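Notes to accompany the following structure.
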Amino acid sequence: MLGRCLVMCMLLSAVPLAASESEVKINLKNVDIRIFITQVSTITGKTFIVDPRVKGNVTVISSAFLDSDSVYQLFLSVLRVHGYAAVPAGNVTKIVQQVLAKQSGHPLDFSDDLKTEELVTRVVPIRNAASIDLVKILRPLIPQYGHVAGLEKPNVLIISDHASNISRLTEIINRIDVADNLDIAIIDLKEAWVEDMIGLLEQLAPDQIGKGSKGPNKITIVASERTNSLVLKGERQTVARVKSLVARLDVPANRSGSIQVVRLAHADAKQMAEILTNLVSDKRSDEKSATQTTTTIQADETLNALVIRADPSTMLDLREIIAGLDVRRLQVLIEAAIVEVTTDFSRQLGTELFVGDTSGGSSPIGLTAPSGTLAQLLQSLALARSSSTSTDTTVPTIPALGDSPLLAAGNLRSSGTSFALIIRALASNADVNLLSTPSITTMDNEEASIVVGQTVPFRTGSTVTGSQGASNPFTTIQREDVGLTLEVTPHINDGNLVRLKIHQEVSEVDPASLTAIGSEAAADLITNKRTIDTTVLVDDGEVIILGGLTKDKETLASSRVPILGSIPFLGFLFRSENKSIEKQNLLVFLRPTVLATRDDITTQTSRKFLNIYEVEIEGTDPAEAISELFNGLN
Numbered sequence: 227m228l229g230r231c232l233v234m235c236m237l238l239s240a241v242p243l244a245a246s247e248s249e250v251k252i253n254l255k256n257v258d259i260r261i262f263i264t265q266v267s268t269i270t271g272k273t274f275i276v277d278p279r280v281k282g283n284v285t286v287i288s289s290a291f292l293d294s295d296s297v298y299q300l301f302l303s304v305l306r307v308h309g310y311a312a313v314p315a316g317n318v319t320k321i322v323q324q325v326l327a328k329q330s331g332h333p334l335d336f337s338d339d340l341k342t343e344e345l346v347t348r349v350v351p352i353r354n355a356a357s358i359d360l361v362k363i364l365r366p367l368i369p370q371y372g373h374v375a376g377l378e379k380p381n382v383l384i385i386s387d388h389a390s391n392i393s394r395l396t397e398i399i400n401r402i403d404v405a406d407n408l409d410i411a412i413i414d415l416k417e418a419w420v421e422d423m424i425g426l427l428e429q430l431a432p433d434q435i436g437k438g439s440k441g442p443n444k445i446t447i448v449a450s451e452r453t454n455s456l457v458l459k460g461e462r463q464t465v466a467r468v469k470s471l472v473a474r475l476d477v478p479a480n481r482s483g484s485i486q487v488v489r490l491a492h493a494d495a496k497q498m499a500e501i502l503t504n505l506v507s508d509k510r511s512d513e514k515s516a517t518q519t520t521t522t523i524q525a526d527e528t529l530n531a532l533v534i535r536a537d538p539s540t541m542l543d544l545r546e547i548i549a550g551l552d553v554r555r556l557q558v559l560i561e562a563a564i565v566e567v568t569t570d571f572s573r574q575l576g577t578e579l580f581v582g583d584t585s586g587g588s589s590p591i592g593l594t595a596p597s598g599t600l601a602q603l604l605q606s607l608a609l610a611r612s613s614s615t616s617t618d619t620t621v622p623t624i625p626a627l628g629d630s631p632l633l634a635a636g637n638l639r640s641s642g643t644s645f646a647l648i649i650r651a652l653a654s655n656a657d658v659n660l661l662s663t664p665s666i667t668t669m670d671n672e673e674a675s676i677v678v679g680q681t682v683p684f685r686t687g688s689t690v691t692g693s694q695g696a697s698n699p700f701t702t703i704q705r706e707d708v709g710l711t712l713e714v715t716p717h718i719n720d721g722n723l724v725r726l727k728i729h730q731e732v733s734e735v736d737p738a739s740l741t742a743i744g745s746e747a748a749a750d751l752i753t754n755k756r757t758i759d760t761t762v763l764v765d766d767g768e769v770i771i772l773g774g775l776t777k778d779k780e781t782l783a784s785s786r787v788p789i790l791g792s793i794p795f796l797g798f799l800f801r802s803e804n805k806s807i808e809k810q811n812l813l814v815f816l817r818p819t820v821l822a823t824r825d826d827i828t829t830q831t832s833r834k835f836l837n838i839y840e841v842e843i844e845g846t847d848p849a850e851a852i853s854e855l856f857n858g859l860n
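Sequential numbering from 227 applies to the sequence shown in our numbering.
Structural data, given as structure tokens:
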């Protein structure tokens with residue numbers, strides 16, 4: 227009973243009359259903590275749920291008057307000193323042991339300046355350092371009941387502790403999480419090779435430069451072979467020292483220069499060597515220096531490679547030029563359609579008559595000089611008479627004559643009057659269509675040619691040699707191509723616009739000149755030739771006409787007996803007419819197709835293999851004929 231009265235007296239002294247109604251002064255000495263919790267609940271109006279494991283006595287000595295908020299902060303400090311914590315949970319506050327506080331759902335702290343003894347959890351973003359590395363530094367500063375964890379993404383720290391301690395930890399983090407004293411520099415090397423420079427620097431400072439370096443002044447160096455330059459990243463002072471060292475090392479070498487072998491993937495080594503040699507010779511004439519290394523470039527055609535000996539700066543320039551020139555070249559598929567249409571029309575109408583006295587040798591009546599088919603008729607009669615025993619020869623059946631007359635008759639006598647008669651009434655029409663569709667594939671700016679025809683011998687001269695009366699004839703023969711010749715040089719411009727330089731020729735031996743036999747056959751050969759030389763522009767895959775040549779030839783020949791051949795109606799018996807019309811049309815069409823990729827080549831090859839076609843042109847309409855032709859090419 228005496229103990230209870232003593233406790234009540236202590237509690238009353240702990241809460242004396244305040245300086246104002248809202249302030250109290252608390253002084254406690256060895257008071258049960260549960261009584262203290264009850265009194266704080268009365269002052270602050272908060273509801274507490276006390277864990278049964280919360281036990282002990284507290285002592286508080288204060289000479290100041292405190293408001294309700296200050297009393298609550300004092301209460302939290304007392305709990306912390308005795309190993310307990312207040313954890314808000316909605317409208318109530320749980321009083322638990324500190325070791326269990328981090329698992330009791332204490333609130334998140336989003337304030338930047340919260341200096342209380344309340345247990346909170348704060349998410350601290352890290353901007354420069356790695357959050358995982360900071361966990362190792364902060365863990366010793368956090369009590370056992372606290373918690374700290376780091377996340378790589380999004381690089382944050384999660385801290386659970388009293389708000390006052392979190393504020394202190396945040397200040398430490400802000401001092402550590404500062405931007406590094408880093409600098410990035412790019413050094414263009416003029417004389418030294420970039421790989422050689424990196425190897426030298428790694429030997430000089432292996433702890434700071436290179437893979438696995440862990441020195442205090444670590445620096446990262448990356449080589450750019452394309453530009454022959456170094457990229458440095460590290461502390462500003464270290465980068466400055468390396469830059470100074472590189473500047474002293476990047477000087478002209480005393481040796482004769484560097485040698486490299488450059489394999490070419492697309493370009494021709496011999497042509498590339500000529501281009502580079504001309505460039506180097508021009509540069510050498512502009513920059514004359516006694517210490518400059520002589521540049522030499524040799525082509526190895528077997529490996530399609532270049533062997534270059536030059537100083538590093540010149541070597542860098544040459545390699546950039548090679549990279550720009552050694553590219554895959556475009557190809558062009560050129561399809562041609564060459565159409566020649568020939569039309570021959572002839573008409574023969576009239577009568578040819580020969581009458582003569584063969585015994586007296588008198589001149590014939592009607593025609594003074596028989597020729598053509600009439601002469602052939604007389605020769606046939608004479609040949610028949612020479613093989614017959616009769617003095618009179620009448621040939622009822624005349625062999626086929628050259629011009630095929632409608633009626634031919636005659637009688638040849640050894641003495642007396644002989645005659646020959648030919649009546650003509652004939653019309654003929656012949657149409658010949660010559661079609662050729664050559665195609666050829668070539669590279670850009672490369673000339674390509676295709677020849678389809680025969681090699682025909684032409685006699686160019688003859689000599690006779692010999693000695694002691696013996697003669698030895700000698701004839702010189704030159705052979706020339708006769709047929710179809712197509713020579714094309716494509717130039718591909720921007721937008722797949724193709725410029726074509728074209729030479730096209732169609733030639734043939736004139737059948738009329740093939741009359742001689744033996745060595746004389748090659749003496750007077752006549753060739754008919756049609757050529758086109760032009761340069762055109764055409765879009766990829768479009769059809770263009772190169773030219774059209776039309777040749778018209780009309781021949782009118784007549785023979786008649788003077789006076790008698792001019793008599794109306796009856797004059798037909800004493801005259802003969804021969805009329806012929808010849809037309810030749812030559813049309814040339816081209817379609818270029820740019821082959822830029824492997825797929826383009828495969829597509830065109832498949833089309834050529836699978837679409838085997840035969841084009842037949844019927845009729846004489848040029849538009850209809852060309853339409854049929856290119857339908858076959860598609």
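Where is the CB? At the ideal position from N, CA and C, for every residue including glycine. Since the model is a prediction, treat every value here as computed from it, not as a measurement.
{"Asked": "Any 3 or more C-beta pairs closer than 8 Å across the segment 520-533 and the segment 463-472", "Found": "no"}
{"Asked": "Residue 490 in three-state terms, based on DSSP", "Found": "coil"}
{"Asked": "Strand pairing of residue 524, partner residues [DSSP]", "Found": "533"}
{"Asked": "Burial state of residue 414 (16 or more Cβ within 10 Å)", "Found": "exposed"}
{"Asked": "Residue 559 to residue 565 span [Cα, whole Å]", "Found": "20 Å"}
{"Asked": "At least 3 beta-carbon pairs within less than 8 Å: the segment 755-765 vs the segment 712-729", "Found": "yes"}
{"Asked": "Nearest residue (CA-CA) to residue 278, options 533, 321, 545", "Found": "321"}
{"Asked": "Pair within 8 Å by beta-carbon distance, residue 556 and residue 769", "Found": "no"}
{"Asked": "Reduced DSSP secondary structure (H/G/I, E/B, other) of residue 207", "Found": "The chain is shown only over 227 to 860; residue 207 falls outside these bounds and no answer can be derived."}
{"Asked": "For residue 754, the nearest candidate out of 708, 400, 713 (CA to CA)", "Found": "708"}
{"Asked": "4 or more residues per run - each alpha helix (DSSP H) lying fully within the segment 406-434", "Found": "420-430"}
{"Asked": "Assigned secondary structure, residue 287 (DSSP; H/G/I helix, E/B strand, else coil)", "Found": "coil"}
{"Asked": "Residue 387 beta carbon less than 8 Å from that of residue 167", "Found": "Within the shown structure, residues of the chain are numbered from 227 to 860, placing residue 167 beyond reach of any answer."}
{"Asked": "7 Å Cβ shell around residue 554 - same chain, five flanking residues per side excluded", "Found": "492"}
{"Asked": "Option nearest residue 452 by Cα separation, candidates 550, 464, 532, 507", "Found": "550"}
{"Asked": "Residue range of the unbroken beta strand (DSSP E) whose run includes residue 253", "Found": "Note, residue 253: premise wrong, no beta strand (DSSP E); not H, not E."}
{"Asked": "Cβ neighbours of residue 267 in the same chain (closer than 6 Å, five flanking residues each side left out)", "Found": "274"}
{"Asked": "One or two residues paired with residue 669 in a DSSP bridge", "Found": "557"}
{"Asked": "Length of the line joining the Cα atoms of residue 286 and residue 396", "Found": "30 Å"}
{"Asked": "Where residue 380 sits in the DSSP three-state scheme", "Found": "coil"}
{"Asked": "Close-in-space but distant-in-sequence residues of the same chain around residue 248 (CB under 8 Å, 5 per side omitted)", "Found": "293, 294"}
{"Asked": "Sequence-distant residues of the same chain with beta carbon closer than 7 Å to residue 822, five excluded per side", "Found": "556"}
{"Asked": "Own chain residues within Cβ distance below 6 Å of residue 381, not counting five before or after", "Found": "352, 357"}
{"Asked": "Where residue 811 sits in the DSSP three-state scheme", "Found": "strand"}
{"Asked": "Residue 461, DSSP secondary structure in three states", "Found": "strand"}
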